[in-house]
Structure formats: C-alpha cells, structure tokens
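The block underneath contains the structure these notes are about, expressed in structure tokens.
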Amino acid sequence: STLSSSSAASDVYKRQPENVTGRSLLPLVRRESVDWREYIHGEHAGHYEYADGVHYLVSRSHKYLWFSQTGTEQLFDLANDPDELHNIAAEPDADTALQRWRDALMRVLRERPEGFTDGTQLVPGRPHINLMRDVKPTH
C-alpha cells in the first residue's frame with residue numbers, strides 16, 4: 003500500500019475519493035502506534051513529460067526507481083550515498099539487488115488497472131490513468 007495525504011484528508015472528512023489509494027498519514031501525525039512497512043511507494047505519472055512517469059520504493063537504506071514508460075531503473079544506497087549520486091543499477095553485478103526491488107514493486111502494482119506488471123515482470127510503456135483530469139499529458 004502507499005502513503006497518502008489525500009487519505010489523511012479523507013480521515014478528517016470521513017470520505018475518500020474512489021481514485022485515491024493508500025493509507026492515511028494521520029496516525030503518524032497524531033503519534034499513534036502504527037504497523038509500519040519495509041518501504042513506501044510513490045509515483046509520478048508523467049503528465050507533463052510522459053517519459054518521466056516513475057514509480058519508486060524507498061526503504062530506510064535504499065531507493066529504487068522504475069521509469070514506467072522507458073523501463074529504465076535506478077537504485078541508490080541511501081546510507082552510503084544520501085545525495086543519490088551513484089546509481090547502483092548501472093553496475094554489472096546489480097541484477098540480484100534489482101530483482102528484489104522489481105519483485106517488491108510488482109507486488110505493489112499487481113492490482114493496478116494500467117497493467118504495469120504481468121505478474122512475472124514489470125511492463126514498460128503502459129499508459130497512466132490520468133487522475134488529474136484537467137492536466138493533459140504531452141507525448
């Protein structure tokens with residue numbers, strides 16, 4: 003699941019729009035005990051520059067990015083490279099580390115209607131559903 007400030011607003015107003023997924027940040031703001039997770043998922047749909055569409059996972063130690071239109075991947079060791087200057091995904095022996103993150107992202111995206119994964123691999127080039135109805139993507 004993802005984190006969402008929109009979900010937090012839904013907690014306050016007791017209504018969540020149907021196109022919003024994720025868990026509310028409100029319990030964290032209230033400093034309530036929360037069953038946390040290994041990583042958080044975020045995305046940018048690339049509605050301004052379509053090729054910039056990206057999904058990312060961030061853990062305490064790493065950040066993985068998958069550019070959904072091109073299939074390009076980036077992986078950063080945040081503990082040793084907090085400025086994200088060295089892309090581990092570009093290293094020859096990175097495939098084992100990358101597969102762990104690919105698998106995690108596939109689990110996050112498996113229920114998405116866009117078809118970003120077929121269950122065995124990430125599928126680049128799938129169009130994003132436009133949740134911002136007044137913004138038109140550039141292709």
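Counting from 3, one number per residue, gives the positions in the sequence shown under the working numbering.
We put the beta carbon where it would ideally sit given N, CA and C, even for glycine.
Beta-carbon gap between residue i and residue j smaller than 7 Å
i           : j           : result
residue 155 : residue 63  : Past the boundaries of the shown model lies residue 155; the chain is included only from 3 to 141, so the question cannot be answered.
residue 102 : residue 117 : no
residue 53  : residue 75  : no
Opening and closing residue of the alpha helix (DSSP H) in which residue i lies
i           : result
residue 105 : 97-111
residue 30  : 28-31
Proximal residues to residue i (C-beta, below 6 Å), its chain only, five neighbours per side dropped
i           : result
residue 47  : 55, 130
residue 108 : 119
residue 122 : none
residue 93  : none
residue 44  : 58
residue 66  : 59, 77, 103
N- and C-terminal bounds of the beta strand (DSSP E) containing residue i
i          : result
residue 78 : 75-79
residue 41 : From DSSP, residue 41 is part of no beta strand (DSSP E); its letter is neither H nor E.
residue 69 : 64-69
Contact set for residue i: own chain, Cβ-Cβ below 8 Å, skip 5 residues either direction
i         : result
residue 7 : Bear in mind that the predicted position of residue 7 carries a pLDDT of just 49, short of 50, making it too unreliable to give a figure here.
Strand pairing of residue i, partner residues [DSSP]
i           : result
residue 52  : Looking at the DSSP assignment, residue 52 forms no beta bridge with any residue, so it has no partner.
residue 60  : 42, 65
residue 124 : 119
Whole-number beta carbon distance between residue j and residue i, since they are thought to touch under 8 Å
i           : j          : result
residue 126 : residue 35 : Not quite, the Cβ-Cβ distance comes to about 39 Å (not below 8 Å), so this is no contact.
residue 68  : residue 30 : Not confirmed; about 26 Å, so no contact.
residue 111 : residue 57 : 7 Å
residue 77  : residue 96 : 7 Å
Close Cβ partners of residue i (< 7 Å) along its chain, the five nearest in sequence each way excluded
i          : result
residue 87 : none
residue 40 : 61
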